[in-house]
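Trainee: Handing you this structure, nothing more for now.
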Amino acid sequence: MPLELSGRLVTVLPEQTGNGRNGVWKKQDFVIELAGPYPKKVCMTAWGDKADILLEVSTGDELKVSFDVESREYNGRWYTDLKAWKIEQATAPAAGGQPQPQQQQPARNGGQAPARTTQPAANNAPFLGGNDDDNDLPF
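As numbered in the UniProt record's numbering, residues 1 to 139 make up the sequence shown, in order.
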C-alpha cells in the first residue's frame with residue numbers, strides 16, 4: 001500500500017551527515033503543509049540521493065511525496081519516521097512563467113453586491129460569570 005501526500009513546501013531543514021557501518025550517510029528533513037480546512041504541517045525525511053532533490057525545489061512549491069512509515073522503540077518511548085522515497089513537483093510550472101489569466105463570470109444583478117437582508121441578533125444575555133474565586137479556569 002503506497003502512502004502519498006501532496007502539499008506546499010514550507011521549509012527545508014539543514015542537511016545531516018555521518019559515518020555508519022555502511023559508510024557515509026546523509027539525510028535532510030523537510031516540512032510540507034497539507035491543504036484543507038485545518039492545514040497540517042508534516043515533517044518528512046529524505047535519505048541519500050533523495051535529499052539532492054530538495055535542492056531543485058523552493059519554498060512554496062507544491063510537492064507530491066511517496067513515503068514509508070516506520071516506528072521504533074527506544075527506552076520505553078516510540079518514535080515514528082516518515083521516510084520519503086519519491087519526491088516530485090505536484091504541478092509543472094506554467095510555460096513562460098506567466099500566470100494564466102482567468103475570466104470572470106459577469107454578475108447577474110448588474111455588478112452590485114447582494115443586499116444584506118438580515119442583521120445579526122444582539123446578545124442581550126447578561127454576563128453570568130460573576131466573581132467566582134473557586135473557579136480558576138480561563139474560560
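Just so it is clear, CB atoms sit at the ideal spot from N, CA and C, and this is done for glycine as well.
1) Grab me the residues of L34's own chain with a C-beta within less than 7 Å of its C-beta, minus the 5 sequence neighbours each way, in chain order.
2) For E70, which of K26, G76 and T80 has the nearest alpha-carbon?
3) State the DSSP-derived secondary structure class of A90, mapped to helix, strand or coil.
4) Could you tell me how far apart the beta carbons of A84 and V65 are, in whole angstroms, since I believe they sit closer than 8 Å?
5) What does the alpha-carbon distance come out to for the pair L82 and T45?
6) Classify A51 as buried or exposed, calling it buried when 16 or more other Cβ atoms lie within 10 Å of its own Cβ.
7) Can you name the start and end residues of the beta strand (DSSP E) that A46 belongs to?
8) For D49, is the classification buried or exposed, using 16 other Cβ atoms within 10 angstroms of its Cβ as the cut-off for buried?
9) Starting from D52, follow the alpha helix (DSSP H) in both directions and report where the run begins and ends.
10) Kindly indicate the opening and closing residues of the beta strand (DSSP E) around P37.
11) Do you know offhand how far N22's Cα is from P37's?
Mentor: Here's the rundown:
1) Within the sequence shown, the letter at position 34 stands for residue 34. So the qualifying residues of the chain are L5, G7, K40 and V42.
2) Along the sequence shown, read from residue 1 onward, the residue named residue 70 stands at position 70. The candidate whose alpha carbon is nearest that of E70 is T80.
3) Residue numbering aside, residue 90 sits at position 90 when the sequence shown is read from its first letter. A90 sits in coil when the DSSP states are folded into three classes, being neither helix nor strand.
4) Numbered from 1 along the sequence shown, position 84 holds the residue referred to as residue 84. Numbered from 1 along the sequence shown, position 65 holds the residue referred to as residue 65. The pair is a contact, with the Cβ atoms about 5 Å apart (cut-off 8 Å).
5) One-based indexing of the sequence shown puts residue 82 at position 82. One-based indexing of the sequence shown puts residue 45 at position 45. Going from the Cα of L82 to the Cα of T45 covers about 6 Å.
6) Numbered from its first residue, the sequence shown carries residue 51 at position 51. With 16 or more Cβ atoms within 10 Å of its Cβ, A51 is classed as buried.
7) Translated into positions along the sequence shown, residue 46 becomes position 46. In the DSSP assignment, A46 falls within the beta strand (DSSP E) that extends over K40 to W47.
8) As a working note, residue 49 is residue 49 in the sequence shown. Counting Cβ neighbours within 10 Å, D49 comes out exposed, since fewer than 16 surround it.
9) Position 52 of the sequence shown, counting from 1, holds the residue named residue 52. Taken as a continuous stretch (DSSP letters only), the alpha helix (DSSP H) holding D52 covers K50 to I53.
10) Locating residue 37 in the sequence shown gives position 37, counting from the first residue. DSSP places P37 outside any beta strand (DSSP E), giving it a letter other than H or E.
11) Sequence index remark: in the sequence shown, residue 22 carries index 22 (1-based). Sequence index remark: in the sequence shown, residue 37 carries index 37 (1-based). In a straight line, the C-alpha of N22 is about 44 Å away from that of P37.
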